[in-house]
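Each step along the sequence shown adds one to the number in the numbering used here, with nothing skipped, and position 91 is 425.
All C-beta atoms in this analysis are idealised placements derived from N, C-alpha and C, irrespective of residue type, glycine included.
As the structure is a prediction and not an experimental result, all values here were calculated from the model.
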Amino acid sequence: MKFSYKFSNLLGTVYNRGDIIFSNDGNTVICPVGNKISVYDLRNNRSYTLPIEAKFNYKSLALSPNGVILIASVHRGEVHVINLNFRRVLYKKHFNRTVRSIKFSPDGKHFALAKEDTVFVYMAPGVDRRIFNPFVMERVYHGAYDLATCLDWSHDSKLLAYGSRDMTTRVCSFVKMKNLTEYRIGGCRDGVTGVYFDESTYDLYIVCKDGYITVWDCSTDESGLIPKCENPYKVREGKGKKGEEEEEEEDDIPITQDEIEEDDMKAEKAVQKEKEKENQGKQRAFYTRRFRMNINDHLKGMSTTVTATAFHKRNRMMVTACETGDFLLFDMNDQGALVHSLNISNQKITSVALNPSGDWIALGVSSLGQLLVWEWQSETYILKQQGHYNTMRVVTYSPDGQNLATGGEDGKVKLWSAQSSFSYVTFSEHTAPITGLEFTQSGRAVISSSLDGTVRAFDLIRYRNFKTLTSPRPTQFTCVTVDSSGELIAAGGQDKHEIYLWSLKLGKLLEVLGGHTGPVVSVQFSKQPGSTMLVSTAWDGTVKVWDAINDTAVKENIIMSADGLCVAFRPDGKQIAVATLDGQITMLNPTTGRQEGNIVGQPDLGAGRSEKDKITAKKNLESKAFTTLCYSSDGKCLIAGGQSKHVCIYSIEDEILIKKFEVTKNMSFDAMNDALNRRKITKDGINMAEVEHRGHNKTEDLKLPGAQRGDMSKRNFRPEIRVTSLTFSPTGRSWAACTSEGLLVYSLDTDWLFDPLNLDVSNTPSAVKHKLKEGDYSTALMMALRLNINALKQEVLESIPLNCVTLVVNDLVQLYVESLLQFVAESLETTPHVGLYSRWATELVTRHGQVLKSRAPQIMNTLNALQKSLTTHHSSLSKVCTHNEYMLSYLLAQASLRRKRNLAITPGEEGAESKVPNLTSDGEMEEDDDDDLENMFPGEELEP
C-alpha cells in the first residue's frame, strides 16, 4: 500500500476571518479559512482548498486584474504572492506588522498596501515583465495619525485614496502633479471604514464607522491634472545630421529685421503660455461635499456600527454591513436611495463583496463561520454555507464514500458531499455536544449520540429525525455504534457506566449491559456481516467483548495496562485495536482475547509547550496519548491521532510507524512550539502570556487608566490543536481528520507516480501506440498496464472500438484484471465517457466475476470505488431523465391543448375533432402527435 496521501480539502470550516473577494468572472468566491484559502466555484457547485499554508491566519486578499496573481497578507505581517493557475506561492515578504488592506491598480502595474499608518506602493509582478523581486517599492505615503484601514485607486491609476482611524481621508497623486499632491478630507466622527473612487471621475464615496456616507465632488477631471515634469528626452522630428548641417549653413545667412521681430513675438507667446500653466498649477484641485446620509435612518432608529463595505463603481451601488447582522444596499445615483436590506444573523458581518456584474453580494460572519452569496434582485441565496461554530468532535464516512457526517460541540449534525465539499443538510435537534456518529450499512440513516441524553436516528431520504432513543434513567452518552445489519444500536453511558442496546426498527430498549466500573468511552460492533459481536472499553482499564443477541454476559474481559480511550474493529472483524492512557496501542483477538501486537506510540505524538505551561515539552509528552483510532479499508494499517498536531499511520504486521502527518502549521494555536518564546518573558521572569486582556484589543494602547471598553466577561485564549476523530473512506482513496482547525481531507495523489509492472526494455509508450495502430488491442492494453501510466492507459482504453471490448477482456491475463478494474473505477469519477467506461466495468465483472469474487476482501477498495462512481452517475442521469420525461409530457399536453383551441376557433370545418396525443407501447409518439409538435414549434427540427 502506497502512502502518497496529500492534503486535498478543508471541510467543516467555511469561513473564519478576513476579506472575501470575487474572481474577475464573478463565478468564484475566494475567502480565507484560518491559515488556508478556500475557493468556491458557484457555477459548477464545487469547492476546493489551495495547497498553501501560512504560519498564521490570512487577513487581506487582493486579486490582480488578469485574475492570475493573488496577494494575501498574514496576520503577523507576512505577505504572499500566489499564482492561482499553479496554486503555488511565488514569493513571501515580511513586513513585521499586520497589513490591513491590499489593492491592485486598475492597469495592473502596481499594488498598494496599508501597514499601520503608512501606505506602500509596489510594482506588481506580471507576465509582460519578469522581476526577480516582485516587491519593488515605488511610493511611500506618510501622513495618517492612526492605522490606515482602506484603500482605493482612481480609474486611470493616477490617484490613490486611503482612509484611517484618525477620521480623515487622504487623496494622493501616484504620478506627481502640480495642482494635486495630497488632499486631506475630514468631516467624519469616527474611523473610515471604506473609501471609493467613482468609475470615470475623481469623485469620492466615504463610509464612516458611525454609519455616515459622504459623497465628495472633485473640482477637476483627468484633463485638469498637470504633470509636475514633462518628458525631457523628446527630440524634434526629422532632426539628424542633415538638420545640423542645414543649421550650420543658416548661420552664414544674414538675419533681417522682420525675422528678429517674429522671433520676439514667439518668445513672448511662449512666456505667456508658461505663465498660464503656472496659474493653472496654482489653482489646486479640491473637493466639495455633494450630500451626506446616515444609514441608521433606515434601521428603525437603531444606532449601529458599520463593519464592512463594498461599492460597485459601474452601477454606483453601495453595500454596508453592520454589527447587528444587517446589510443595506443603496443606489448612489439617486441620492443614496435604499434599494434592499436584509438581516442574515444576530452577529456582526465581518466582510462583504460584490461580484463584477453587481448582482451577487457575498457576506461573511466570522463568529458563526457563515458564508452567504445573496442575489438581491431575485432575493434568493446562491450559496449558503455554515460550519460548526464550535469545535468539531466526530466525523464518519458513508458506506459508499460519497458523503461525510460531522458532529460538533454546537449540537449540530452536518452532512457534507465528498465530491462538491458543500454541506447540504444540517440537523439541529440535539441540545448538547455530539459525541458519536455512525452510518447504517445501507447509508440511508445516520445515528448520533449526545450529552443531552438522547440517541437520534436521522433519515437521509426525507431529512428528518425519525427515531429518538433514551435510557430508563437519564445519562450522558459518550459513544454510539450500529451493527452490520443496521438493526441494533449500542451506546455507552458516561455517568451510569452501562451500555444500552436498542432496536432501530422498534425503537425500544432491548438490553442494558453492565460490568464496567468507569465511564464507557468507546463501543464498536463488528463489521463482519451477520455478526453481533460488540467490544467496549472504559476508564476502568478493561476491554470487554459481548454478544449482543445470543448471550448478554461478558464473553471476554481483558485487563489493559491503563485506562482505555478508544477501540476499533478491523474490517474483517478478526482483530481489535485499543488505545490506552499510557500512549500504547494494543492489538487483540476478540474471540480468544490474546494479544497479537503492541505499538508504543507516545514518542510519535510529538510534544508542544503551551504558553502557560510550567513544565517542559519533554515532560509534557508523558501525559500524551492517542484518543482516536481507525483501521484502513484493507485492514493492513492503523491510523491514530490524539492530543497533538500529528496523525500517525502504523503497519500492523511490522508494528512500525510508516508515515506521520502534521495537520497544521498555524502558529495561532497554542502549544505549537517545543519551547517558550523568550520575547514574551520580561527581565523579571514574568510570562506576559499569563497577563489577561479582556474586552479590548490588546494591540491598542489605552490612553487613560480605567478607560477600556468592551465586555469585561470576555477572555482571550488560544486553543490548542487536537485531533478528535479519524475516519477512513471505504474506497481507500482518502481519509479525514477532525481537528481544532476543521475537517481535513487527505487523498491519494497518484498522477505523478511511475509504478511499472513486469517492465522490460521493449515496452515503451511508442511501442504501445504502434501496437494500437496495428490493431493488436489486447497486447497494447497489457503493455500499457505494465507501464502503469494513467495517460497512456486512458488513450488505449478510449481508442479500442466498442465492438472489440468483449474480445479484449476475454484475452486479458488475470494478472492485469484487478489493475484495469481499479483504473476504470478511478476514471469513472471524472471522465465524460461514462458509457464507455461502464461497458469496460461490466465486461470485466462479467467475464472474470468468479476470480474477483474469490479475492473480494483484497479488492474491496476497488469495488467500493466502482460502486461509488456508478451510484453517482446513476443518480445524476436519473434526475436528467426524469426532467426530460416531464418536459416531454408537458410538450405533448401543450400540443394537445393548442389543437383543441384551433378546433374551437374553427368549429365549422368538416372532420374537425379533438385528438389527444398517445404514446405507443415502446413509449414513442404517434405520427399525428409529431405533426402537432411541428405545428407548435414551426421552423424547429424535433428529434424522435
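Shown here, Cys964 sits in a strand according to DSSP, grouped into three states.
For Gly545, the CB contacts under 6 Å within the same chain, skipping 5 residues up- and downstream, are Asn628, Ile629, Asn630, Val640 in chain order. When C-alpha distances from Glu713 are compared across Leu663, Met894, Trp750, Thr730, the shortest belongs to Leu663. Counting the other CB atoms within 10 Å of its CB gives His428 a total below 16, which places it among the exposed residues.
Secondary-structure assignment with DSSP links Thr452 through a beta bridge to Lys449. Taking all protein chains shown into account, Gly741 has 16 or more neighbouring C-beta atoms within 10 Å of its C-beta and is therefore buried. Secondary structure remark: continuous beta strand (DSSP E) runs of at least 3 residues inside the segment 941 to 990, in chain order: 960 to 965, 971 to 976, 980 to 985. For His409, no alpha helix (DSSP H) segment is defined, and its DSSP state is neither H nor E. For Ile386, the three-state secondary structure derived from DSSP is coil. Excluding residues up to 5 positions away in sequence, Glu533, Gly692 lie with their Cβ nearer than 8 Å to the Cβ of Arg648 in the same chain. Below 8 Å, enough C-beta pairs join the segment 753 to 761 and the segment 361 to 380 to call them touching: three or more. The residues Tyr382, Thr383, Ser755, Val1079, in chain order, have a CB closer than 7 Å to that of Asn343 in the same chain once the five nearest residues on each side in sequence are set aside. Beta-carbon to beta-carbon, Ala1071 and Val1057 are separated by about 6 Å, close enough to satisfy the 8 Å threshold.
Beta-bridge partners of Asn737 (DSSP): Ser751. Your pair Tyr530 and Phe438 does not check out as a contact, with CB atoms roughly 15 Å apart and the cut at 8 Å. Taken atom to atom, the span from the alpha-carbon of Thr812 to that of Val855 is near 6 Å.
Around the beta-carbon of Asn1198, 16 or more other beta-carbon atoms lie within 10 Å, marking it buried.
By the Cβ rule, the segment 1217 to 1226 does not count as touching the segment 1185 to 1196, because fewer than three pairs are nearer than 8 Å. Here Cys971 is not near Ile990, since their CB atoms are 8 Å or more apart. Only residues of its own chain outside the window of five on either side were considered, and among them Pro733, Gly820 have a CB closer than 8 Å to the CB of Ser776, listed in chain order. The residues Gly368, Thr998, in chain order, have a CB closer than 6 Å to that of Glu1075 in the same chain once the five nearest residues on each side in sequence are set aside. In chain order, Ser978, His980 place their CB closer than 6 Å to the CB of Gly940, counting only its own chain and leaving out the 5 sequence neighbours on each side. The residues Lys746, in chain order, have a CB closer than 6 Å to that of Ser762 in the same chain once the five nearest residues on each side in sequence are set aside.
Beta-bridge pairing by DSSP links Met471 to Tyr456. For Gln669, the secondary structure class from DSSP, reduced to helix, strand or coil, is coil.
Annotated as distal: Leu397 and Gly352, with beta-carbon spacing of 8 Å or more. Annotation for His1208: the continuous alpha helix (DSSP H) segment containing it runs 1194 to 1239. Contact between Gly931 and Ile986 holds: CB atoms are separated by about 6 Å, below the 8 Å threshold. Shown here, Arg499 sits in coil according to DSSP, grouped into three states, outside any helix or strand. Residue environment for Glu1132: exposed (fewer than 16 other C-beta atoms within 10 angstroms of its C-beta). When rounded, the separation of the alpha-carbon atoms in His409 and Asp1004 is 16 Å. Taking all protein chains in view, the Cβ of Gln909 is crowded by 16 or more other Cβ atoms within 10 Å, so the residue is classified as buried.
Closest in C-alpha terms to Arg523, from the list Lys842, Phe661, Phe469, Lys543, comes Lys543.
For the 8 Å CB-CB criterion, Gln858 and Val814 do not form a contact.
In this structure Thr730 does not touch Thr432 by the C-beta definition: roughly 39 Å separates them, more than the 8 Å allowed. Collapsing the DSSP output to three states places His1104 in a helix.
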